[in-house]
Amino acid sequence: MRTRFKIITLLSGVLAFGMLAVYYLVIYPNRFDTRIRMLPDIRFETTSGNELRLHHAVADHAALLINFNPRCHLCTEEIFELKKHHADFSETRILLASSQPLAELDSFSKAENMHMYPGITIVHDIDLNMVRLFGATITPSTYIYDKSHRLVDVFEGDTDIENILRSVKSD
Numbered sequence: 014m015r016t017r018f019k020i021i022t023l024l025s026g027v028l029a030f031g032m033l034a035v036y037y038l039v040i041y042p043n044r045f046d047t048r049i050r051m052l053p054d055i056r057f058e059t060t061s062g063n064e065l066r067l068h069h070a071v072a073d074h075a076a077l078l079i080n081f082n083p084r085c086h087l088c089t090e091e092i093f094e095l096k097k098h099h100a101d102f103s104e105t106r107i108l109l110a111s112s113q114p115l116a117e118l119d120s121f122s123k124a125e126n127m128h129m130y131p132g133i134t135i136v137h138d139i140d141l142n143m144v145r146l147f148g149a150t151i152t153p154s155t156y157i158y159d160k161s162h163r164l165v166d167v168f169e170g171d172t173d174i175e176n177i178l179r180s181v182k183s184d
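Be aware that the sequence shown starts at 14, since it is given in the numbering used here, and climbs by one per residue.
This is the structure:
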């Protein structure tokens, strides 16, 4: 009787440990995936102060949603590369989202001549959705969505433009 109790107790402990392991190794790391697996329709503010809905901005195109900071050198390097390869992104809408003050984003947009790149839009993340919903705490953080608005890839930090292009082309 005691042996049976010990075996049942041991098996219960192993089962509980296994369930915790599955949670922390499989479910917990993907906790944001379910919320961003499909492109959410969140709102941003353009540098001119107008509201912009993400689904409206992207429409039926593939999308790059990039969390950036205009003072981050990795971000400005990535934006430089995006501008240099903008023709390769002709079928893709690129939104550069930042929670920095709107005046700073407007100045950055003008200094970088962003008006010359109609497929690239700088937006103010007024609701902090990039951090709250996407979990984007690293800049730049790049989220790539296909034409059906399904998440294809995520890059955080310094990312080679060729990797981004490969992910965009793979959709």
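For glycine and all other residues, C-beta sits at the position ideal for the given N, C-alpha and C.
Keep in mind the model is a prediction, meaning the values are calculated, not measured.
Extent of the continuous alpha helix (DSSP H) to which residue i belongs
i, result
"leucine 87", "86 to 97"
"asparagine 142", "142 to 145"
"asparagine 176", "174 to 183"
"glutamate 104", "Neither: glutamate 104 is in no alpha helix (DSSP H) and is coded neither H nor E."
"alanine 149", "Here alanine 149 belongs to no alpha helix (DSSP H), and DSSP marks it neither H nor E."
"aspartate 119", "115 to 124"
Residues bridged to residue i (per DSSP)
i, result
"alanine 136", "Checking the displayed sequence, the identity of residue 136 turns out to be valine instead of alanine. DSSP, once it has assigned bridges, lists Thr59 and Ala110 as partnering valine 136."
"isoleucine 79", "Leu109 and Thr155"
"arginine 163", "Met51"
Residues near residue i by beta carbon distance below 6 Å, same chain, minus five either side
i, result
"valine 167", "Tyr156"
"glutamate 91", "Pro153"
Residue from the options with nearest C-alpha to residue i
i, options, result
"lysine 96", "Ser183, Leu178 and Thr152", "Leu178"
"isoleucine 11", "Phe93, Ser120, Met143 and Ile49", "In the structure as shown, the chain begins at 14 and stops at 184. Residue 11 is therefore absent and cannot be evaluated."
"aspartate 138", "Ala110, Ser161, Leu24 and Ser103", "Ala110"
"isoleucine 135", "Phe121, Val144 and Lys182", "Phe121"
"threonine 172", "Ser183, Ile151 and Lys182", "Ile151"
"alanine 149", "Ala116, Asn82 and Lys160", "Asn82"
"serine 103", "Arg15, Lys160 and Gly31", "Lys160"
"histidine 69", "Asn80, Leu87 and Leu108", "Leu108"
"arginine 84", "Gly62, Gly132 and Pro114", "Pro114"
"phenylalanine 57", "Arg15, Ser112 and Ser25", "Ser112"
Which of helix, strand or coil DSSP assigns to residue i
i, result
"threonine 155", "strand"
"phenylalanine 168", "strand"
"leucine 65", "strand"
"arginine 44", "Low per-residue confidence applies at arginine 44: pLDDT is 48, beneath 50, and the placement is therefore not dependable, though the value from the model is reported in the following sentence. Arginine 44 falls in the coil class under three-state DSSP."
"methionine 51", "strand"
"methionine 14", "coil"
"leucine 70", "According to the sequence provided, residue 70 is alanine. The question's leucine does not apply to it. Correct three-state label for alanine 70: helix."
Own chain partners of residue i with C-beta closer than 7 Å, once the 5 adjacent residues on each side are dropped
i, result
"lysine 19", "none"
"aspartate 119", "Thr60"
"asparagine 176", "Phe168"
"arginine 44", "The predicted position of arginine 44 is uncertain, since its pLDDT is 48 and thus under 50; a value taken from the coordinates is nonetheless stated next. Here the set comprises nothing."
"arginine 48", "Leu146"
"glutamate 117", "Pro83"
Nonlocal neighbours in the same chain, by C-beta distance under 8 Å from residue i, ignoring five residues either side
i, result
"isoleucine 55", "Arg66, Leu67, Asp140, Asn142 and Leu146"
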